[in-house]
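> Start counting the sequence shown at 1167; every next residue gets the next number (this note's numbering). Ideal Cβ positions, reconstructed from N, Cα and C, are used throughout, including at glycine. Below is one structure. I have some questions about it.
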Amino acid sequence: MTPAAPVSAGSGPERPPPGELLRRLRQRHATDPITHVERVPPRSGIAVPWPAWAPEDLRAAYARRGVTAPWRHQAEAAGLAYDRQHVVVATGTASGKSLAYQLPALSALLADPRATVLYLAPTKALAADQLRAVATLEIEGVRPSCYDGDTPRAEREWIRRHSRFVLTNPDMLHHGILPGHAQWSGFLRRLAYVVVDECHVYRGVFGSHVAHVLRRLRRQCTRYRPATGDPGPTFVLASATSGDPAAAAGRLTGLPVTAVTEDTSPRAGVTFALWEPPLLPPDPAAIPSPRPAPAASASAPSGPSPAGPPSGGPAHEANDLTQVRRSALRETADLLADTVASGVRTLAFVRSRRGAEVVATSTRRSLDEAVPGLGDRVAAYRGGYLREERRELERALLHGDLLGLASTNALELGVDLIGLDAVLICGYPGTRASLWQQAGRAGRSGQEALAVLIARDDPLDTYLVHHPEAVFGAPVEATVLDPANAYVLGPQLACAAAEAPLTDADLALFGDGAKDTVAALVEAGALRQRPTGWYWRHRERPEVDLRGDGGAPVCVVEAATGRLLGTVDGGSAHFLLHSGAVYLHQGVSYVVDTLDLDDGCALVHPEEPDWSTHARDVTSLSVVSVRSYVDAGPVGLFLGEVDVTSQVVSYQRRRIATGEVIDTRPLDLPARELRTVAVWFTLSPESLATAGVDPADVPGGLHAAEHAAIGLLPLVATCDRWDIGGLSTAVHPDTEAPTVFVYDGHPGGAGFAERAYGMASSWLRATRDAIAECGCEHGCPSCVQSPKCGNGNNPLSKPDAIRVLDVVLANLPVALSG
Ligand SMILES: [Zn+2]
Ligand SMILES: [Zn+2]
């Protein structure tokens, strides 16, 4: 980052109020891009006196940091924890959640010179920040320490023996602390509090794994505690605002948890605008020749991409013969340039690292054209910065040396940037919880701030900017995780057994499915049953990756130097590391030379092409069992287990700045099997005919409905569209009817399909509305086209998708709306 131009924060143009700023921003376009403006009123804080039990030393330490009294929600959560009740505090950004757990935890350490506290953060950076916060309180005898993969061997033993406040992450707890529990026996015996920070991050398969890691921790605490009646450590969880946090925290810990959700910290007023980039005029040169009509029985898969969102900008398809919208990246860059030119300190959130670079570069260029040197006051934030670099960034923005920052949501964790004048959110971040977290960066006390959500060209974003009630009127999502997933439970029970033989009492701890799962592990030869319990049979510990999908991880190696850059889990390797793939590591771009699946190794070289790569796969699916169904006359709705076979067959290269497809190249990779959970609906051919769907258009209607349904699923479940796959067919051998399948992209499912089944009416209603309300004529990325379609978005019929969904909605019971 280049340090500042010689202008102090106060000088430069007068900073306009949000309403005036918004008026300036919209002037760029002939048509008004603003679909809605919401005013979020300011809130004054409610401070309360320190609780009587809070030790004087601790109050004095906070007073030295400028905290003279807690907000009411902090005191309430701390009080519950002090009374040994498990508690989750789920409030907004910068509402002071750390004090809610520091207060009871540090009080316990002061009251009992042998008590200990374990703090868990999802990232090392956040743990390091919390270490600093606890250390600056200077409470004697606590010796707070980080214990993670970076901790030198020499220091580890000292920490185990002497630190009373250990900060770590779930991976280290799983791989290091629990397997070595004997060395931690003293610490575990006296463990008073377990703090789980940013607990909303533990969702899906990862969250289900962490839920069992916490049960393993509770089990070891029980084993080392002398008294049988000992209730074990008290859990204090901190979450971003989320739906039903008590239930989610209860699922995560396996304990009854009380929630504190009323945020009593002060907040500045925010003017929040929803912004839809304008449609570009159709480009006649881009219209391709017509394709042959597809066979009526062709199935059209859109496999999930465990790779996560594409690394480049928004994606447009090769056969994109209708209008497209101006890219959200370009729009964001223009808005950032305008706000910076107005002297407004602005943070732009962009979903990918490359996207953040594109926005920053383009903003700098246009500012320099207007006022040479002004571009220096805009920077990009990439992940992987050192703490000192992050602090310098915070300082520069706070002082106004830097006026604009384009960042990925890596900033959500570990960087203390609040009190900005404006926040631009390039593309819906996936959940309302994240949206509010990002918008919460805007606003200094007493001053109105501006937040703008800029819609990407995709069905969910388009739906949201036209349905402000779904943004502002709806509660934030519940965190979805499923500890009963057999693909998580099995490996976790194996880890638990390797730590100490499992007993009947342990099985109750791990939940309903544990008994059957243990029986299956015995059957498979992993466990042996003896009178005293179930024993792990092998010398080596089970290899279980909390964040992976199973499958051995693949190493990424720089060919020229032999340097190991990192690993990618086996499930994602086909998508991310095929030959020719552009692979990003800590903001540096590499291109894959070869992928050797037998050796589990990909060789790469540094190269930064101006395209991104997007793997394509073909998919088939068979139904294994039906868990639950709704018989709705001509329509059937099902939840069940399915086997999905998919094969990555090719990849596209797309220009990063425009999303334009350069070419499609074939790949030769083996097929893979996934057993997972799916939701699907069937329709009778007669009902489709009555609704006016020509038999030849059935595949296109189903396929278009499938794409949009996948795009809208994040509205009802905390998933990303990249966690989900789908398949549609005019006749499926297992259902013998026109069918649309939507499945979890993780072995055993992560709870997403189940949620979709329970919310089917709301979900499919929103899907139908998103398609019907899109301004395009034949379907576009904002409604029925998918950036990851295995069939090149062919066939697709927008009007028939609406007819298909109308038939489904006319028959489904309304009760399926949560
Ligand atoms: Zn459209
Ligand atoms: Zn498709």
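1) Using the three-state DSSP reduction, which class does GLN1193 fall into: helix, strand or coil?
2) My assumption, with CB atoms under 8 Å, is that VAL1710 sits in contact with PRO1657. Please give the rounded CB distance.
3) Determine, using beta carbons only, whether VAL1908 and ILE1937 come nearer to each other than 7 Å.
4) Return the Cβ separation of SER1573 and LEU1513 in integer angstroms, given the expectation that the two are a contact with Cβ distance under 8 Å.
5) Roughly how many whole angstroms lie between the Cα atoms of SER1408 and VAL1843?
6) Take the Cβ of GLY1941 as the centre, count every other Cβ of all protein chains shown within 10 Å, and call the residue buried at 16 or more, exposed below.
7) For SER1816, which residues does DSSP report across the bridge?
8) Work out the CA separation of PRO1447 and ARG1492 for me, nearest whole Å.
9) Tell me where the alpha helix (DSSP H) around GLY1679 begins and ends.
10) Just confirm the distance between the C-beta atoms of GLN1240 and ALA1266, as a whole number of angstroms; I'd bet it's less than 8 Å.
11) Rank ASP1623, GLY1606 and ALA1621 by C-alpha distance to the C-alpha of ALA1615 and give the top, closest one.
12) Give a yes or no on contact between the segment 1729-1737 and the segment 1689-1708, applying the rule of three or more CB pairs nearer than 8 Å.
13) Could you please go through the chain and list the residues whose beta-carbon is closer than 6 Å to any non-hydrogen atom of ligand 1?
14) In whole angstroms, give me the CA-to-CA distance for SER1948 and GLY1593.
15) Alpha carbon to alpha carbon, how far is VAL1845 from ARG1531? Give it in angstroms, no decimals.
16) Keeping to the same chain, check which residues put their C-beta closer than 8 Å to that of GLU1839; ignore five residues upstream and five downstream.
17) Tell me the rounded alpha-carbon separation between VAL1537 and PRO1183.
18) Taking DSSP as the reference, what is the three-state secondary structure of PRO1432?
19) What's the gap between the Cα of ASP1889 and the Cα of ARG1230?
20) Quick one: any contact between the segment 1418-1427 and the segment 1373-1381, if contact means 3 or more CB pairs under 8 Å?
21) Identify, in the order they occur along the chain, each residue of the same chain with its Cβ nearer than 8 Å to the Cβ of ASP1935, setting aside the five sequence neighbours on each side.
22) Given that a residue counts as buried once 16 or more other Cβ atoms are within 10 Å of its Cβ, and exposed if not, what is LYS1681?
23) Using 10 angstroms around the beta-carbon of GLU1939, count the other beta-carbons present and answer buried if the total reaches 16, otherwise exposed.
24) Are three or more beta carbon pairs between the segment 1256-1270 and the segment 1334-1344 nearer than 8 Å?
25) Ligand 2 and ASN1957: does any heavy atom of the ligand fall closer than 6 Å to the residue's C-beta?
26) Quickly, what does DSSP pair ALA1425 with across the bridge? List them, please.
27) In the DSSP assignment, what residue or residues form a beta bridge with PHE1372?
28) One question on the structure: do SER1894 and LEU1978 come within less than 7 Å of each other, judged by their Cβ atoms?
29) Between the segment 1428-1440 and the segment 1662-1671, do at least 3 Cβ pairs fall closer than 8 Å?
30) Starting from the Cα of LEU1659, find the closest Cα among HIS1375, VAL1748 and VAL1827 and give me that residue.
31) Considering only the beta carbon of each residue, do ARG1326 and VAL1308 sit closer than 7 Å?
32) Indicate the three-state DSSP secondary structure (helix, strand or coil) for TRP1216 in the structure shown.
33) Express the C-alpha separation of VAL1974 and GLU1150 in angstroms, rounding to a whole number.
34) Is the distance from the Cβ of THR1905 to the Cβ of THR1824 below 7 Å?
35) Ignoring anything shorter than 4 residues or poking outside the segment 1903-1936, list the alpha helix (DSSP H) runs there in chain order.
36) Cβ of SER1816 within 6 Å of any heavy atom in ligand 2?
Taking the definition as stated:
1) Here residue 1193 corresponds to residue number 27 of the sequence shown, with the count starting at 1. The answer is coil: DSSP assigns GLN1193 none of H, G, I, E or B.
2) Counting from 1 along the sequence shown, the entry for residue 1710 is found at position 544. Counting from 1 along the sequence shown, the entry for residue 1657 is found at position 491. About 4 Å separates the Cβ atoms of VAL1710 and PRO1657, confirming a contact at the 8 Å cut-off.
3) As a first step, residue 1908 must be located in the sequence shown, where it is residue number 742. As a first step, residue 1937 must be located in the sequence shown, where it is residue number 771. Not in contact: VAL1908 and ILE1937 (Cβ atoms no closer than 7 Å).
4) The count along the sequence shown starts at 1 and reaches residue 1573 at position 407. The count along the sequence shown starts at 1 and reaches residue 1513 at position 347. Contact between SER1573 and LEU1513 holds, with the beta-carbon distance rounding to 6 Å and staying under 8 Å.
5) For the purposes of this step, residue 1408 is taken as residue 242 along the sequence shown, with counting starting at 1. For the purposes of this step, residue 1843 is taken as residue 677 along the sequence shown, with counting starting at 1. Linking SER1408 to VAL1843 through their CA atoms gives a straight-line distance of about 25 Å.
6) Here residue 1941 refers to the residue found at position 775 of the sequence shown. Note on GLY1941: under 16 other CB atoms within 10 angstroms of its CB, so exposed under the neighbour-count rule.
7) Taking the first residue of the sequence shown as 1, we reach residue 1816 at position 650. Paired residues: ARG1782 and PRO1832.
8) For this step, residue 1492 is matched to residue 326 along the sequence shown. For this step, residue 1447 is matched to residue 281 along the sequence shown. Computed Cα separation, rounded: 10 Å.
9) By 1-based counting over the sequence shown, the position of residue 1679 is 513. GLY1679 -> no alpha helix (DSSP H), and no H or E assigned at all.
10) Residue mapping note: residue 1240 aligns to position 74 of the sequence shown, counting from 1. Residue mapping note: residue 1266 aligns to position 100 of the sequence shown, counting from 1. With a Cβ gap of about 5 Å, GLN1240 and ALA1266 count as contacting.
11) On the sequence shown, residue 1615 is found 449 positions in, with the first residue counted as 1. When only C-alpha atoms are compared, the closest one is GLY1606.
12) Fewer than three pairs of CB atoms, one per stretch, sit closer than 8 Å, so the segment 1729-1737 makes no contact with the segment 1689-1708.
13) Ordered along the chain, residues surrounding ligand 1 are CYS1940, CYS1942, GLY1945, CYS1946, SER1948 and CYS1949 [Cβ under 6 Å from any heavy atom].
14) Within the sequence shown, the letter at position 782 stands for residue 1948. Within the sequence shown, the letter at position 427 stands for residue 1593. As the crow flies, the alpha-carbon of SER1948 is around 12 Å from that of GLY1593.
15) Looking up residue 1531 in the sequence shown gives position 365. Looking up residue 1845 in the sequence shown gives position 679. Taking the straight line joining both Cα atoms gives about 48 Å.
16) As a working note, residue 1839 is residue 673 in the sequence shown. Closer than 8 Å at the Cβ level, and outside the excluded window around GLU1839, lie ASP1809, VAL1810 and THR1811.
17) Position 371 of the sequence shown, counting from 1, holds the residue named residue 1537. Position 17 of the sequence shown, counting from 1, holds the residue named residue 1183. If you take the alpha carbons of VAL1537 and PRO1183, they lie about 23 Å apart.
18) Here residue 1432 refers to the residue found at position 266 when the sequence shown is read from its first residue. Here PRO1432 sits in coil by DSSP.
19) Residue numbering aside, residue 1889 sits at position 723 when the sequence shown is read from its first letter. Residue numbering aside, residue 1230 sits at position 64 when the sequence shown is read from its first letter. Each residue's Cα considered, the two are about 46 Å apart.
20) Three or more beta-carbon pairs separated by less than 8 Å link the segment 1418-1427 to the segment 1373-1381, which places the two stretches in contact.
21) In the sequence shown, the residue the question calls residue 1935 occupies position 769. Excluding five sequence positions before and after ASP1935, the CB atoms of its chain that fall closer than 8 Å to its own CB belong to TYR1629 and HIS1633, given in chain order.
22) To locate residue 1681, count along the sequence shown from 1; it is residue 515. Around the beta carbon of LYS1681, fewer than 16 other beta carbons lie within 10 angstroms, which makes this residue exposed.
23) Walking along the sequence shown from the start, residue 1939 turns up at place 773. Classification for GLU1939: exposed.
24) Contact between the segment 1256-1270 and the segment 1334-1344 is absent: fewer than three C-beta pairs spanning the two stretches fall below 8 Å.
25) Here residue 1957 corresponds to residue number 791 of the sequence shown, with the count starting at 1. Result yes, Cβ under 6 Å from ligand 2.
26) As a working note, residue 1425 is residue 259 in the sequence shown. Residue pairing for ALA1425: DSSP places it in a beta bridge opposite VAL1254.
27) Numbered from its first residue, the sequence shown carries residue 1372 at position 206. Note: PHE1372 is not bridge-paired with any residue in the DSSP secondary-structure output.
28) As a position in the sequence shown, residue 1894 is number 728, starting the count at 1. As a position in the sequence shown, residue 1978 is number 812, starting the count at 1. Going by C-beta atoms, SER1894 is not nearer than 7 Å to LEU1978.
29) Touching, no.
30) Here the question's residue 1659 lines up with position 493 in the sequence shown. Cα-wise, what sits closest to LEU1659 is HIS1375.
31) Position 160 of the sequence shown, counted from the start, is the residue given in the question as residue 1326. Position 142 of the sequence shown, counted from the start, is the residue given in the question as residue 1308. Result no, Cβ atoms of ARG1326 and VAL1308 do not sit closer than 7 Å.
32) For the purposes of this step, residue 1216 is taken as residue 50 along the sequence shown, with counting starting at 1. Of the three classes helix, strand and coil, the one that applies to TRP1216 here is coil, per DSSP.
33) The chain is shown only over 1167 to 1984; residue 1150 falls outside these bounds and no answer can be derived.
34) The residue labelled residue 1905 in the question sits at position 739 within the sequence shown. The residue labelled residue 1824 in the question sits at position 658 within the sequence shown. No, Cβ-Cβ distance for THR1905 and THR1824 is not below 7 Å.
35) The qualifying runs are 1918-1924.
36) By 1-based counting over the sequence shown, the position of residue 1816 is 650. Checking every heavy atom of ligand 2 against the Cβ of SER1816, none is found closer than 6 Å.
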